[in-house]
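Asks:
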Amino acid sequence: MRVTSEVLPWWAGLTGLWVLTLSTPSLPEIVAAGVAAVPCAFAARAARRAVGGAWRPRARWARWPLAVPGTAVRESVRAVAEVVRHPRAGRFDTASLPDEPGAVQDARAACAAVVVGSTPGTMVVATPPGDRELVVHRLLDGGSRVLDEVRR
373 MRVTSEVLPW WAGLTGLWVL TLSTPSLPEI VAAGVAAVPC AFAARAARRA
423 VGGAWRPRAR WARWPLAVPG TAVRESVRAV AEVVRHPRAG RFDTASLPDE
473 PGAVQDARAA CAAVVVGSTP GTMVVATPPG DRELVVHRLL DGGSRVLDEV
523 RR
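When we follow our numbering, the leftmost residue of the sequence shown carries the number 373, and every step to the right adds one.
1. Since E521 and P492 are thought to touch, with beta carbons under 8 Å apart, how far apart are those beta carbons, to the nearest angstrom?
2. Could you tell me which of A418, D503 and L519 sits nearest to D471, measuring between CA atoms?
3. Here's the rule: buried if 16 or more other CB atoms are within 10 angstroms of the residue's CB, otherwise exposed. What is V488?
4. Quick one: give me the first and last residue of the beta strand (DSSP E) that S516 is part of.
5. If the criterion is Cβ atoms closer than 7 Å, does the pair V518 and T443 meet it?
6. Which residues in the same chain as A482 place their Cβ atom closer than 7 Å to its Cβ, once the five residues preceding and following it in sequence are excluded?
7. Quick check on the burial criterion: 16 or more other C-beta atoms within 10 angstroms. Buried or exposed for D478?
8. Under the DSSP definition of a beta bridge, which residues are partnered with R505?
9. Per the contact definition of three or more C-beta pairs closer than 8 Å, is the stretch 399-406 in contact with the stretch 460-474?
10. Going by DSSP, name the residue or residues bridged to V496.
11. Would V508 be called buried (16 or more neighbouring beta carbons within 10 Å of its own) or exposed?
12. Is the beta carbon of E378 closer than 7 Å to that of R417?
13. State yes or no: is the C-beta of T494 within less than 7 Å of the C-beta of S468?
14. Report yes if the C-beta distance between S398 and V440 is below 7 Å; otherwise report no.
15. Going by alpha carbons, who is nearest to P429 out of P500, P501 and P473?
16. With distance defined between alpha-carbon atoms, name the residue in R432, G424, T387 and P501 nearest to P411.
The structure is reproduced here in structure tokens:
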């Protein structure tokens, strides 16, 4: 049962990701997505076990991606303008995360890295082991709604 409870969400997420890349989804493409996602889901589980990960994600983190579309559009416009004006724009910064038990902290850092990396203005470059922070590269000054979400 434990294998299923881990592999099934990976399979659903990977299948969904494939389908999102299709301009006109058809039944054969959706079936191909589902079939291709099976070994990838098992590989994701094996990779987590290989690194000794014991993630405990929280359901409330599912709201983080809701901040991505609006933030991505705003940051895309601002990033293009910033890079045109200042080709060497950007700086390294840290984003503090709440203090949580080990497995929850590891899951938060991993999930936050994916969500934060989905926007053009910020990317995670490191998650120091044992630290409650992410090392990020910020292209833009000012706040980021996505970073605000993962810090809560």
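For every residue, glycine included, the Cβ atom is placed at its ideal position computed from N, Cα and C.
Replies: Quick look at the numbers:
1. Going by Cβ atoms, the distance from E521 to P492 rounds to 17 Å, so no, they are not a contact pair.
2. Each of A418, D503 and L519 was checked against the Cα of D471, and the nearest Cα belongs to D503.
3. buried
4. Element bounds for S516: n/a, residue is neither H nor E.
5. Yes. Within cutoff.
6. W427
7. buried
8. Looking at the sequence provided, one finds Glu at residue 505 rather than Arg. BP columns for E505 point to S468.
9. no
10. V496 is bridged to V508.
11. buried
12. yes
13. no
14. no
15. P473
16. T387
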